[in-house]
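Just so you know, the sequences run in chain order A and B. Once you know that position 19 of the first sequence is 104 in the working numbering, the rest is easy, because the numbers rise by one and skip nothing. Once you know that position 2 of the second sequence is 5 in the working numbering, the rest is easy, because the numbers rise by one and skip nothing.
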Amino acid sequence: MSTNNELFKGTLQTIVLKLLSENDRMYGYEITQKVKQITKGELMLKEGALYPALHKLEAEGFLETTTEVVDNRLRKYYSLSRSGNKEMVNKLQEAKDFIAQLQLLLNLKPTT
Amino acid sequence: MNLSKIQLEKIRVYLDEIGFKYIDVQMEILDHIASAVEEKMTEDPNLAFQDAVNQTRVSFGKAGFTKIEKSIVKGLNKKYWKLFLQHFSSFFGIKYIWAVFLSAFGIYQLQNLISNKDNFFAVFFLAFIIFFAIQAYRGFKPLAYKRYMVYKISGTYAGYFGLFLMMVFQAIVKPSSGLLFGLNKGYLIVSILTVLFAVYYIAALKTEKDGVLESKAIADKLKLLYS
């Protein structure tokens with residue numbers, strides 16, 4: 086059964102920031118595939134959700150972009166800016182705290 | 004497998020035909036489609052190029068491409084508004100604040116010196132004509148980057164100059180009477196508005212320049228692609 090994508094919409098920016106902190110730079114399609122690969126296809130990051138998140142993070146100065154010629158076309162790469170790195174740490178902590186509260190609220194046992 | 008230049012051009016033409024004409028918008032959507040198509044064709048070597056494109060198009064959904072374009076526009080608007088505010092507010096920092104005050108003082112003194120409203124208006128009108136000549140020249144310049152969304156958005160701020168000029172005109176034609184902090188209120192308002200207009204206009208031009216540089220960076224890469 087695949088996870089309800091609605092549940093992870095609120096953490097999309099955190100996911101993007103985290104992925105970019107682990108990879109020097111990534112392009113849009115690569116991010117969708119990375120999410121698919123890590124979650125073994127359980128979570129599908131749709132283009133219509135990814136790009137607005139990327140462009141919002143870029144506009145806020147959390148992401149830097151470069152354009153390069155790859156395989157006969159132009160490709161836009163995203164990477165974390167210095168402020169993006171700080172934002173990633175904050176957002177990750179927020180997500181961890183939220184999950185801890187959810188576990189308390191829903192009486193879930195943390196996975197070990 | 005990698006798509007050929009002809010196949011990539013077919014995707015680009017398709018995007019162009021359905022209304023995605025800005026190069027920087029096309030660039031991002033095209034790379035995403037091409038990457039997806041390449042993967043589909045690698046997974047299934049028997050899959051025809053056009054079928055792979057159709058499958059990818061369907062996965063984007065009805066409003067898929069439009070949503071991406073809208074998010075690009077929204078992101079650029081936000082980014083360039085922030086840049087415009089940065090340029091505008093930089094004139095009120097330690098580096099330039101003296102020049103702003105000095106200019107306002109100079110305009111105030113000029114009005115005092117001329118002392119006749121009509122004569123000052125003539126001087127202002129002359130400056131206005133020169134300004135419009137510069138604007139017209141800028142307009143006639145070949146718009147090498149007109150197909151870049153980033154250029155279009157970064158250039159929008161310079162378009163509001165008419166509103167500012169109207170305010171200055173209004174202040175000159177119908178000056179406020181009386182004193183403010185011991186200074187002629189009418190002269191003071193005209194001085195402040197004129198300086199604010201100049202600061203706004205320079206900030207708008209600097210923002211546009213940022214847009215030109217960003218467009219140029221993409222255009223240079225594009226040249227590499229077709230050279």
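Think of the CB as a built atom: it goes at the ideal place given N, C-alpha and C, for glycine as much as any other residue.
In the DSSP assignment, find the alpha helix (DSSP H) that holds residue i and state where it starts and stops.
i                 : result
Tyr1 of chain B   : Nothing can be reported for residue 1 of chain B: it is not among the residues displayed for chain B, which extend from 4 to 230.
Tyr148 of chain B : Counting along the chain, Tyr148 of chain B falls outside any alpha helix (DSSP H), and DSSP gives it neither H nor E.
Ala167 of chain A : Looking at the sequence provided, one finds Arg at residue 167 of chain A rather than Ala. It spans 167–190 - the alpha helix (DSSP H) in which Arg167 of chain A sits, taken as one unbroken run.
Val42 of chain B  : Before going further, note that residue 42 of chain B is Glu rather than Val in the sequence given. First-last of the alpha helix (DSSP H) with Glu42 of chain B: 26–46.
Ser7 of chain B   : First-last for Ser7 of chain B: undefined, no H or E at that position.
Leu135 of chain A : 132–144
Ala55 of chain B  : 52–63
Thr99 of chain A  : 97–107
Leu113 of chain B : 100–117
In whole angstroms, what is the alpha-carbon distance linking residue i and residue j?
i                 : j                 : result
Gln173 of chain B : Thr151 of chain A : 46 Å
Trp84 of chain B  : Ile100 of chain B : 22 Å
Ala222 of chain B : Ser38 of chain B  : 21 Å
Asp47 of chain B  : Tyr163 of chain A : 29 Å
Val56 of chain B  : Gly22 of chain B  : 17 Å
Ser218 of chain B : Tyr151 of chain B : 6 Å
Ile100 of chain A : Leu139 of chain A : 11 Å
Phe94 of chain B  : Glu115 of chain A : 42 Å
Gly126 of chain A : Phe93 of chain A  : 14 Å
Leu190 of chain A : Asp182 of chain A : 12 Å
Met86 of chain A  : Gly95 of chain A  : Below a pLDDT of 50, predicted positions are generally treated as unreliable, and Met86 of chain A, at 41, falls in that range; no measurement from the model is reported.
Met30 of chain B  : Ser7 of chain B   : 16 Å
Leu168 of chain B : Lys209 of chain B : 19 Å
Ile132 of chain B : Met170 of chain B : 16 Å
Lys81 of chain B  : Val126 of chain B : 38 Å
Asp121 of chain B : Lys98 of chain B  : 35 Å
Gln178 of chain A : Lys171 of chain A : 11 Å
Excluding the 5 residues flanking residue i on each side, which residues of the same chain have their C-beta closer than 7 Å to its C-beta?
i                 : result
Phe63 of chain B  : none
Tyr136 of chain A : Gly113
Leu79 of chain B  : Met152, Val153, Ile156
Ile32 of chain B  : Leu18, Phe23, Phe68, Ile71
Leu86 of chain B  : Thr210, Asp213
Val28 of chain B  : Glu72, Ile75, Met152
Ser179 of chain B : Lys188, Gly189, Ile192
Leu50 of chain B  : Lys43, Met44
Leu105 of chain B : none
Spatial neighbours of residue i within its chain, please: CB distance less than 8 Å, with the 5 preceding and 5 following residues excluded, ordered by chain position.
i                 : result
Arg160 of chain A : Tyr112, Thr152, Glu153, Val154
Thr45 of chain B  : Met4
Leu165 of chain A : Leu102, Leu105, Ser106, Phe147, Leu148, Glu149, Met173
Just checking my contact of residue i with residue j at CB under 8 Å: how many whole Å lie between their CB atoms?
i                 : j                 : result
Ile195 of chain B : Ala107 of chain B : 6 Å
Ile75 of chain B  : Leu225 of chain B : Actually they are not in contact, since the Cβ atoms of Ile75 of chain B and Leu225 of chain B sit about 17 Å apart, beyond 8 Å.
Lys121 of chain A : Met129 of chain A : 6 Å
Check for me: the beta strand (DSSP E) holding residue i runs from which residue to which?
i                 : result
Leu79 of chain B  : Note, Leu79 of chain B: premise wrong, no beta strand (DSSP E); alpha helix (DSSP H) at 67–93.
Glu153 of chain A : 148–155
Given residue i, which residues of its chain have a CB within under 6 Å of its CB, disregarding the five upstream and five downstream residues?
i                : result
Gln10 of chain B : Phe52
Legend entry - At least three beta-carbon pairs within less than 8 Å, the stretch 157–164 of chain B to the stretch 201–210 of chain B: Output reads yes: the stretch 201–210 of chain B touches the stretch 157–164 of chain B.
Inset, instruction - Determine, using beta-carbon pairs with one atom in the stretch 64–74 of chain B and one in the stretch 127–142 of chain A, whether at least three such pairs fall under 8 Å. - result: yes
Legend entry - Cβ contact check for the stretch 176–196 of chain A and the stretch 14–34 of chain B: 3 or more pairs under 8 Å: no
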